[in-house]
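This report refers to the structure that appears directly beneath it.
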Amino acid sequence: MSDTVELTLVSPVYLAGRGDPGWGTVPLHRASGWSYGHDPLMPRVLLTSPNQQAALRIDPDPDEPWWTIGHARTDDQPAWTATFDAHTPVEIIAAFTDALTNPRALRAATPPTALLRQAGWRDDPRQSGLVSPDGVVRVKYTIEHGLDHWFITAADGRTPDDELWGACLDGTTPPHLVAALTRALTDATPVIRDPDRMPGLGVRHRHDVRQHVPVATVAFALENRVKHLTGRHPQPSTPPAQLPSGAPPGSTP
6 MSDTVELTLV
16 SPVYLAGRGD
26 PGWGTVPLHR
36 ASGWSYGHDP
46 LMPRVLLTSP
56 NQQAALRIDP
66 DPDEPWWTIG
76 HARTDDQPAW
86 TATFDAHTPV
96 EIIAAFTDAL
106 TNPRALRAAT
116 PPTALLRQAG
126 WRDDPRQSGL
136 VSPDGVVRVK
146 YTIEHGLDHW
156 FITAADGRTP
166 DDELWGACLD
176 GTTPPHLVAA
186 LTRALTDATP
196 VIRDPDRMPG
206 LGVRHRHDVR
216 QHVPVATVAF
226 ALENRVKHLT
236 GRHPQPSTPP
246 AQLPSGAPPG
256 STP
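Sequential numbering of the sequence shown, starting at 6, is according to this note's numbering.
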């Protein structure tokens with residue numbers, strides 16, 4: 006039995022295809038304590054934060070975004086919603102949820118567009134916003150009819166119908182969460198994919214390397230990710246053992 010498996014290392018991440026949804030959902034449940042609901046009659050995933058203020062839903066609807074992440078209004082933050090199409094690479098969505106659940110997240114993050122410009126993104130000559138160096142991804146902030154949104158669109162560029170995936174975020178989405186997305190878009194680190202499940206569009210802009218990867222590396226990748234994210238949350242300290250009433254100092258209960 007071989008101790009390696011052949012996989013494809015893909016970059017940039019925004020052309021890697023959807024990936025395994027568990028990369029995003031499992032850490033929410035196991036590392037951040039989000040509860041999940043299950044309806045055996047509906048092919049839907051629903052996760053809710055411990056404080057009941059945030060929720061993630063995956064709804065396999067061919068005519069609507071599959072991923073929806075929302076947060077209720079709080080005393081210092083308006084309500085917001087972020088949606089992602091079915092083929093959005095899960096690593097990009099996970100960057101967003103990782104920032105959302107990070108107790109040490111910096112609210113005063115670098116402006117989202119500044120991260121793109123630092124990575125060589127340029128002003129889009131065809132419309133407002135910024136475009137990636139390869140011309141595949143566009144990020145724009147718009148205000149229409151009093152409503153503001155962030156739009157992220159990945160398209161191959163050969164035909165009008167070649168959109169790979171898209172995302173839409175309310176303008177009220179906290180800037181540090183939008184910045185987590187733009188940082189993920191500029192990350193050059195290759196991601197692992199099954200070579201038999203690679204998307205057909207975007208090949209001319211994509212860099213694929215087939216490589217034999219140790220089985221253990223693949224098998225424990227998610228587990229290691231959960232452990233890393235769990236470490237971000239302070240663990241409750243164990244209270245000291247209480248002596249029985251009337252026990253003399255130094256005695257053992």
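All C-beta atoms, glycine included, are put in the ideal place defined by N, C-alpha and C.
Are the Cβ atoms of residue i and residue j separated by less than 8 Å?
i: T187; j: P83; result: no
i: L227; j: V31; result: yes
i: G140; j: G162; result: yes
i: A59; j: H76; result: yes
i: R122; j: G134; result: no
i: W155; j: V95; result: no
i: R62; j: L46; result: no
Could you give the first and the last residue of the continuous alpha helix (DSSP H) run that contains residue i?
i: D68; result: Here D68 belongs to no alpha helix (DSSP H), and DSSP marks it neither H nor E.
i: P48; result: From DSSP, P48 is part of no alpha helix (DSSP H); its letter is neither H nor E.
i: R35; result: 27 to 35
i: H181; result: 180 to 190
Count the other CB atoms within 10 Å of the CB of residue i; is the residue buried (16 or more) or exposed (fewer)?
i: G205; result: exposed
i: P17; result: buried
i: F101; result: buried
i: R109; result: exposed
i: G22; result: buried
i: P70; result: buried
i: G24; result: buried
i: F225; result: exposed
i: T79; result: exposed
i: D68; result: exposed
i: R211; result: buried
i: V223; result: exposed
Just confirm the distance between the C-beta atoms of residue i and residue j, as a whole number of angstroms; I'd bet it's less than 8 Å.
i: N107; j: R237; result: 6 Å
i: L20; j: G207; result: 4 Å
i: I97; j: A189; result: 5 Å
Quick one: give me the first and last residue of the beta strand (DSSP E) that residue i is part of.
i: R143; result: 142 to 149
i: P219; result: 212 to 219
i: A87; result: 85 to 89
i: F156; result: 152 to 160
Is the segment 39 to 48 close to the segment 217 to 235, with three or more CB pairs under 8 Å? No: the two stretches stay apart, fewer than three of their Cβ pairs being nearer than 8 Å.
Contact the segment 9 to 16 vs the segment 216 to 227: 3+ CB pairs below 8 Å: Contact holds: three or more Cβ-Cβ distances are below 8 Å.
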